[in-house]
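Beneath this line is the structure, given in structure tokens, with notes to follow.
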Amino acid sequence: MAPDYNSKIYLAGHAGMVGSAIMRRLLLDGYKNIITRSRTELDLTNQQAVRDFFMQEKPEYVFLAAARVGGIQANNSQPAEFIYQNMMIEANVIDAAWRANTERLLFLGSSCIYPRMAEQPMSESALLTGPLEPTNEPYAIAKIAGIKLCESYNRQYGTDYRSVMPTNLYGPQDNYNLTGSHVIPALLRKFHEAKTGSQPTVTVWGSGSPKREFLYVDDMADACLFVMALDKQCYLAQTKPMLSHLNIGTGSDVTIAALAEEIGKVVGFKGKIVFDKTKPDGAPRKLLNVSALQQLGWYAKTALPDGLTEAYSWFLQNKSSLRC
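Quick note on the working numbering: the sequence shown kicks off at 1 and runs consecutively.
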């Protein structure tokens with residue numbers, strides 16, 4: 001049964017890019033009983049604090065969008081924090097949800113759970129079939145653990161915990177700090193600063209040849225509500241007890257070079273793009289097979305140029321308050 005408009009919904013990670021998009025969508029759809037806690041109000045890595053919160057609030061539905069996230073540089077420099085914090089967050093929330101008799105939970109993962117050289121496009125069945133991309137292995141391991149936590153509680157306790165694996169996300173509330181951001185916000189900021197500073201070139205990490213898939217974050221929020229609302233039997237019919245996650249993406253990808261050119265157009269940068277081949281590329285390609293979700297009836301709506309335009313507009317409106 002899908003949540004009704006008065007159901008008590010806990011949105012973990014409401015201040016982040018994905019969480020804030022889910023919040024916008026919940027409010028737009030008319031949900032009235034949404035519970036949130038800031039990081040200072042509730043430390044999700046603190047098991048007792050999370051248990052106390054769940055027993056007090058008794059949420060009926062949970063969106064688990066809270067996570068420690070970052071780009072290649074952040075993952076490489078802080079691997080212990082990425083694996084520890086993400087595993088603690090998901091373990092504490094999933095277990096507390098079971099203890100509080102939460103009716104349904106949606107865990108948000110990442111496409112980095114798949115092997116580095118997985119067959120493209122990557123289907124859900126590629127999970128655990130090969131070595132992971134070394135640059136983000138700790139984060140990927142944590143997200144795999146989250147999927148398996150949901151599956152284990154479902155198998156042992158009959159819970160209804162679901163997992164979705166989005167491709168690379170971008171949009172409002174993204175992280176524009178160059179030491180920890182993903183490729184789109186990093187490039188939007190670089191191109192903007194090059195334009196405003198009349199710089200002749202913009203340097204992009206890597207060779208430009210890797211291909212990536214990008215999903216506008218409001219489309220991700222739409223998919224999360226779609227999956228959360230699916231009838232349980234419908235969800236189970238499209239998944240398996242030990243392979244229960246669903247991919248979320250657009251079904252198409254672009255090279256980093258083509259992405260940089262598109263961002264240059266959106267920003268209005270007229271200079272030259274230079275690729276620094278001494279920097280890591282990451283995985284050569286990361287395209288998700290989204291046929292399972294499409295068979296259930298969901299498709300992405302936002303084209304990449306339109307999404308980039310919206311993301312840049314948000315950056316321009318908020319850059320003075322960003323921690324850059």
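Backbone N, C-alpha and C define an ideal beta-carbon position, used for all residues, glycine too. Computed from a predicted structure; not experimentally measured.
Distance between beta carbons of residue j and residue i, contact taken as under 8 Å
i, j, result
"residue 217", "residue 251", "That belief does not hold up - the Cβ atoms of residue 217 and residue 251 are roughly 17 Å apart, past 8 Å."
"residue 65", "residue 11", "7 Å"
"residue 148", "residue 110", "Not quite, the Cβ-Cβ distance comes to about 14 Å (not below 8 Å), so this is no contact."
"residue 103", "residue 61", "6 Å"
"residue 202", "residue 282", "So it is not a contact: roughly 19 Å between Cβ atoms."
"residue 209", "residue 255", "6 Å"
"residue 214", "residue 168", "5 Å"
"residue 246", "residue 293", "5 Å"
"residue 261", "residue 273", "7 Å"
"residue 241", "residue 154", "7 Å"
"residue 311", "residue 184", "7 Å"
"residue 90", "residue 145", "7 Å"
"residue 257", "residue 25", "Wrong, their Cβ atoms sit about 33 Å apart, outside the cutoff."
"residue 114", "residue 96", "Their Cβ separation, rounded to whole angstroms, is 28 Å, which puts residue 114 and residue 96 out of contact at 8 Å."
"residue 100", "residue 86", "That belief does not hold up - the Cβ atoms of residue 100 and residue 86 are roughly 21 Å apart, past 8 Å."
"residue 135", "residue 280", "6 Å"
"residue 219", "residue 300", "5 Å"
"residue 157", "residue 98", "6 Å"
"residue 269", "residue 195", "5 Å"
Host beta strand (DSSP E) of residue i (start-end)
i, result
"residue 93", "From DSSP, residue 93 is part of no beta strand (DSSP E) but of the alpha helix (DSSP H) over 79-99."
"residue 296", "Looking at the DSSP string, residue 296 is not in any beta strand (DSSP E); the run it does join, the alpha helix (DSSP H), is 291-296."
"residue 163", "161-166"
"residue 174", "No beta strand (DSSP E) contains residue 174, which DSSP labels as neither H nor E."
"residue 105", "104-108"
Reduced DSSP secondary structure (H/G/I, E/B, other) of residue i
i, result
"residue 301", "coil"
"residue 114", "coil"
"residue 316", "helix"
"residue 8", "coil"
"residue 286", "strand"
"residue 306", "helix"
"residue 332", "No information on residue 332 is available, as it lies outside the stretch 1 to 324 that the chain covers here."
"residue 272", "strand"
Where the alpha helix (DSSP H) through residue i begins and ends
i, result
"residue 152", "137-157"
"residue 29", "17-29"
Reference residue i, options the options, closest by Cα
i, options, result
"residue 192", "100, 265, 92", "265"
"residue 286", "165, 300, 155, 100", "165"
"residue 205", "35, 178, 86, 227", "178"
"residue 18", "175, 210, 55", "175"
"residue 21", "187, 224, 198", "224"
"residue 27", "122, 306, 153, 5", "5"
"residue 53", "63, 35, 67, 304", "35"
"residue 288", "221, 83, 211, 306", "211"
"residue 9", "48, 41, 57, 43", "57"
"residue 317", "173, 125, 135", "173"
"residue 243", "151, 299, 221", "151"
"residue 267", "300, 306, 299, 301", "306"
"residue 93", "50, 230, 119, 248", "50"
"residue 15", "38, 112, 319, 118", "38"
"residue 45", "33, 13, 76", "13"
"residue 79", "121, 138, 88, 55", "138"
"residue 230", "181, 297, 276, 200", "297"
"residue 130", "117, 228, 121, 182", "117"
"residue 253", "232, 122, 163", "122"
Any C-beta of chain B under 7 Å from that of residue i
i, result
"residue 199", "Among the protein chains of the structure shown there is no chain B, as only one such chain exists."
Where in the segment 192-268 do unbroken runs of the beta strand (DSSP E), each at least 3 residues long, occur, reported from the N-terminal end onward?
Within the segment 192-268, the complete beta strand (DSSP E) runs of at least 3 residues are 201-205, 214-216, 245-248.
Going residue by residue through the segment 33-69, where are the continuous beta strand (DSSP E) segments of at least 3 residues, counting only ones entirely within it?
Counting only runs of 3 or more residues that sit fully inside the segment 33-69, the beta strand (DSSP E) segments are 61-64, in chain order.
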